[in-house]
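Below is one structure, written out as C-alpha cells, with a few remarks after it.
Numbering (full-length UniProt numbering), first residue to last: 1 to 1142.
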C-alpha cells in the first residue's frame, strides 16, 4: 500500500436536490416541481422550476403534516418467548416484574431526614436568632439616626424607630423614618423604648399620602375620612390620605384606583384594599378554596395578635371588593376591555376559557373536515360528560334582588331566568330510574332540600381535557332531574358546531331512552339544536360496573367505536377539588355564589389550558405503549385461530357496531348466557321477597333494605380485592398513571365505606359494642391480613383470600374474630379495613349483634358468590384451553408468535380474581354454616385444583423459569416425554410419572352440576374474548390517533388565539393615550402568552418517546428524582404565575 496522499473521493453526479415542505401545509396539498439539468464543462447542475401546488379532490387524510413521532415497537417484548411461557404456565403462578425499577441515587442524611438534622444541629441556633430579632440586633450600637448623619442634619435625631418590612433593620429617627416611607406607606413601624419594641404607625409619625400627583405634592390637598383604613398583605393600616383638589382633580375613587388602592365605596370611602392584597387573596382562594372570612381573620391576627387593639371589622368591605375584583379579572381576561361594545356587549358564555383540543370549526379544523370518511369521523367527535354534585348546595340566604350577581350567564353558569323557567315547567315529571345498579334519579324526590335554595349543581365537562364547557353548569333545585340535565346539555350543544357528539352520563341507559323525543317536543328554542347531530350515549367506566341490566354493552366505552381510551369520569375529577367550596358558597347570596363558582371554574380551565402540553405528552406515551401491546396481543391471538371463524366473528362485530338502534337489534358478540344461579339472581329473589314482606304489613327499618345492606358489604369486599390487585400491579410495573387511578378508586371506596358505616347500626345494632370489646376497629381486612395463601407454593397470589394449608376443613371460628389478632404492620388504606358482615361476628355474639334474618341473607348471597366465582373460573380455564389448542395446531416456530402478553395476562388475572372471590365466599359460608354436606359441593380451593378439564393432576413441581433457581436447587432432568398435543403445562415429564390417560384425575371444580364443557359454549367464550381483544386493540389505536389530532388542534388553537388578541389591540377608538397604551400592552402580553405556550408544547411533543432501552413505559421524572427538597415544586406555583400574567 502506498503511503502517499490518498486519492480524493470521486464526485457523484449532481442529479438531485433537496426541497423542503412547510410544516403548516394543508393535508390535501400535493407539491410538485419539475427540473432540468445543465451541463457546464465537467459539472452538472440542477435548475429547478417553480413549485406548483395541487389540491387533492379524492384522497383524504385525517392527520396534518405535523404529528408527534411514533414507534410501533415501543413497550413490546423483544421476542415471543415470554408470551409462550405465560400461556403454558399455571394460572396461579405469579409473573415476575418485567421492568426493574431504576436504582435511585443514594440520598444524604440531610435530604432523607431534614427534620432530624435540623433538630439535632440547628434548632437551638434558629431559636436564638429569632430571639435576637426581638432586640435591636445589628443596630444595637446606633445612638443617633444614620440618615441624619448622612444629611449632616443638626440636631441629629435619636435612633429609635425600626421598620419590620424593610430589608435593612437599622434604626432611624421619626422624621427620617417618614421620609424613607413616602413611597412605602404600608410598612409596619416599631419604636424602641429602651427595653423593648412597641408598635406604632406611619400615620402617627406624620406621614401623609398625596394622590393624583407623581411628585406627592398638591396645592390644594383634601384630607380623607378620619378613620380611613387600608387593608394590605401585611395587615390593616391607618393611613392619612390626601385627595387632589387642584385644577387637575378627578373623582375620588379614580384617584385611589390610580394608586392601586381599591375603594369599597365611591363617594367618601372609609376603606381601601390594595391591589397586592386582592391579587394574593384571589390566588390563595383559587388554590386553597379557603373563604374570605378565614383570610380576613388572618389579617386581623397579623395586625394585632393579642386582640386588644384590633381595628374595627372591615370584613364586609373586603368581601365586596374581592367579589368585584374576581369579576373584573374575568372581564379583563375575556377581552371585554379591548372590545368597543364594552362590558354590556358581553355574550352568554363569552368569558369562559374554551378547550383548545376540542374541534372548533373555523378555528382549529381544516376546511373540509366534514368530508372525512366514516372510519375517521371519530377524530372530530366531541366528548361531553355530565354529572351532578350535591355538595355545592346553597341555603335560603338573601335573594336575587339584593344580590343579583355581576355576570350570571357570561361564563359557565347558564342564564338563570330561562333555565329556571324550563325547570319549573317540568317540576311534575317522574324521572325515577329503573336501573338496578344505579339510583341517582330515584333519589331526586327524596333528597334533603328543606331550607335550601339549591340542592347542588350539575355540569358538562369535556371528556378529553376535563375542561368545563361554557354555559355548561346549572343549579339543582330538587335533585338530579331530567329537566336540569337536559338544559345544560342543550346549551352546550348550541355552542358545538360539529355533527358527532358522545354524551357520557352515569344513568345514560335511562336518560337517553326518550331524549330525542324531549328534544323535539319539550326543549325551548334557546337550547334546541339548529342542525342534525348524531348522539352516542355512554356510561363512565367506573359507573358501568354498577349497571346490572342486560344489554348494557351498547353503553360501554370499551366497545363504542371512536371512544379511544377515554373513561369519561371527568366530572368526578372536577368535583373533587371544588367540593371544599361548599363550606363558603353554602351561605352566600345567590348572585355572589354564581360569581364565585364561575371564577373557580375559570381557574380550573386555565390550569388545564396551560398544562395541556404535559398532559397530552403523558397520555401519548401511555397510549402508544398500550396500542402496541394491545395490537400485538390481538394479532397473536388472531393468528392462532381459524381464519374462517375469525371472519365470521369480525362480521358479527361490525354488524353490531353499525347498528345504531338502542337497544341494538343485532346479535351481541360480547355476551354469553350463563348456566348457573348467579349472585344477581339471588339479589333479585331477595328484593322480591322484601317487596312481598312489605305488602303483607312488614316494617321497613330504612329505605335501604337488609338485602341491599349485605349486598353493599359484599361489593366493598370485592372492591377491596380489586384494589389489592391494582396496588400490586402498580408496585411491580411502575405504572405511574395507574397510581393516580388507584388513588381515585380508593376515594370511591372510602365513600362506599362511609355509607356502609351509616347503615351498620341499623341492621347490626350491637356491632359498635362488639367492635370495641374485641378491639378490631383498626385491624386490616381479612383479605389484607392473609393476603398470601399459607401453602407450600411461595408464588401464591398476594391478593387472594386465604385457603387452608390442606384440603381438610378449617377449624370452627372461635368467639373472638380473627381480625382481633395483633398486627405489627397496620395499614390505613381503605382496602385494608375490615367489613363487619354477620359472618365476621363470633357465633355466640350474632344473636345480640345482628337483626333477625340477616345471617340467612348473607348465607344465600355467599352461595351465589361461590357459584359466580366457580363458573367464572371455569370459563377462564375453558378459554385458556381453547387458546392453547389453537396455538399448538396453527403456530409453528416463533415467526407467527406475539410479543405482547396483554391477552394471556388478562386471562390469568381474571382466574386469580375468581379464585380469590371463591375463597373469601367459601370461608364466610363455612363460618355461617359450619361443617356439613354442602362442603361436597363447595370444597376448599387449592392452587393445584385450578386447572383445565383436560389437564392431569400435577405430580411434581413445575420446572422453574430460567434464572430463578436458588443455589441449593437442582433443575430436573431434561428427559421429556410429551403428553397430548395441548397440555397446559410446559413441565418435564418422566415415564413413571403416571401421566397417561388411565391415570388422569379431574379437578373437583369440573364435577359440580352443569359444569361439563360443551364445545359450542367453549367457542362462544373464545369468541367473546377475541371480540373484546379486538375492541381493546381498536380503542388503543383510536386513542393514539385522537391524541395526535388533539396535539395538532391545540397548536392551531393557540395560534388562532394569539391572532385574536392581536386584533383586539386597536379595536377601541377615541381613548386617551394612557388608556390606549395599556389596552395595547395587555393584548400583546396575552398574545405572547399564547405564542409561548405553543412553542413550549411543540418542543415537548417533538420527541415524546424515550430513545434508550430499558426505560419504563410510563415512568416519569419524579421516579428519577434524587432529592425531593430540590426537585419538588408545589403544583400551584406555575399556575399562579401564569394566572397573574393571564
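Quick reminder that beta carbons are idealized off the backbone N, C-alpha and C, glycines included.
May I ask you to report which of helix, strand or coil DSSP gives residue i?
{"i": "residue 1067", "result": "coil"}
{"i": "residue 294", "result": "helix"}
{"i": "residue 741", "result": "helix"}
{"i": "residue 662", "result": "coil"}
{"i": "residue 867", "result": "helix"}
{"i": "residue 289", "result": "coil"}
{"i": "residue 849", "result": "helix"}
{"i": "residue 224", "result": "coil"}
{"i": "residue 242", "result": "strand"}
{"i": "residue 715", "result": "helix"}
{"i": "residue 191", "result": "strand"}
{"i": "residue 459", "result": "strand"}
{"i": "residue 830", "result": "helix"}
{"i": "residue 387", "result": "strand"}
{"i": "residue 58", "result": "Residue confidence is low: residue 58 scores 40 on pLDDT, short of 50, so the model does not pin down where it sits. Its coordinate-derived value is still stated next. Correct three-state label for residue 58: coil."}
{"i": "residue 537", "result": "strand"}
{"i": "residue 260", "result": "coil"}
{"i": "residue 1147", "result": "Lying outside 1 to 1142, the shown extent of the chain, residue 1147 is not represented and no answer is given."}
{"i": "residue 216", "result": "coil"}
{"i": "residue 843", "result": "helix"}
Output yes or no for whether 7 Å exceeds the beta carbon distance between residue i and residue j.
{"i": "residue 202", "j": "residue 181", "result": "yes"}
{"i": "residue 470", "j": "residue 564", "result": "no"}
{"i": "residue 835", "j": "residue 716", "result": "yes"}
{"i": "residue 1089", "j": "residue 338", "result": "no"}
{"i": "residue 352", "j": "residue 411", "result": "yes"}
{"i": "residue 528", "j": "residue 393", "result": "no"}
{"i": "residue 397", "j": "residue 589", "result": "yes"}
{"i": "residue 187", "j": "residue 405", "result": "no"}
{"i": "residue 553", "j": "residue 422", "result": "no"}
{"i": "residue 710", "j": "residue 830", "result": "no"}
{"i": "residue 649", "j": "residue 1023", "result": "yes"}
{"i": "residue 931", "j": "residue 873", "result": "no"}
{"i": "residue 480", "j": "residue 388", "result": "yes"}
{"i": "residue 1021", "j": "residue 837", "result": "no"}
{"i": "residue 259", "j": "residue 211", "result": "yes"}
{"i": "residue 138", "j": "residue 176", "result": "no"}
Quick check: what's the CA-CA separation for residue i versus residue j?
{"i": "residue 62", "j": "residue 376", "result": "Confidence in residue 62 is poor, its pLDDT being 43 and thus under 50, which makes the residue's placement too unreliable to answer from."}
{"i": "residue 194", "j": "residue 174", "result": "16 Å"}
{"i": "residue 640", "j": "residue 1019", "result": "14 Å"}
{"i": "residue 59", "j": "residue 372", "result": "With a pLDDT of 41 at residue 59, under the threshold of 50, the modelled position of this residue cannot be trusted; read the value that follows with caution. The straight-line gap from Cα to Cα measures roughly 10 Å."}
{"i": "residue 1046", "j": "residue 109", "result": "45 Å"}
{"i": "residue 1092", "j": "residue 1084", "result": "12 Å"}
{"i": "residue 305", "j": "residue 313", "result": "15 Å"}
{"i": "residue 850", "j": "residue 708", "result": "15 Å"}
{"i": "residue 235", "j": "residue 460", "result": "41 Å"}
{"i": "residue 276", "j": "residue 261", "result": "9 Å"}
{"i": "residue 225", "j": "residue 252", "result": "12 Å"}
{"i": "residue 659", "j": "residue 629", "result": "29 Å"}
{"i": "residue 541", "j": "residue 749", "result": "15 Å"}
Assuming residue i is part of the beta strand (DSSP E), what are its boundary residues?
{"i": "residue 630", "result": "No beta strand (DSSP E) holds residue 630; the alpha helix (DSSP H) holding it covers 612-639."}
{"i": "residue 229", "result": "229-232"}
{"i": "residue 197", "result": "197-200"}
{"i": "residue 475", "result": "468-476"}
{"i": "residue 465", "result": "Looking at the DSSP string, residue 465 is not in any beta strand (DSSP E), and its letter there is neither H nor E."}
Is any heavy atom of the ligand GTP found at a distance shorter than 6 Å from the C-beta of residue i?
{"i": "residue 314", "result": "Although the ligand GTP was asked about, the structure shown includes no ligands whatsoever."}
Do we get a CB-CB distance below 7 Å when we pair residue i with the residues of chain B?
{"i": "residue 199", "result": "No chain B appears in this structure, which consists of one protein chain only."}
What are the boundary residues of the alpha helix (DSSP H) that residue i is part of?
{"i": "residue 320", "result": "315-333"}
**Item:** Residue ranges of each beta strand (DSSP E) within the region 96-181, 3 or longer
**Value:** If we require 3 residues or more, the beta strand (DSSP E) runs fully inside the region 96-181 come out as 161-163.
**Item:** In chain order, each beta strand (DSSP E) run of at least 3 residues that lies wholly inside the region 519-597
**Value:** Those beta strand (DSSP E) runs which fall completely within the region 519-597 and span 3+ residues are 534-538.
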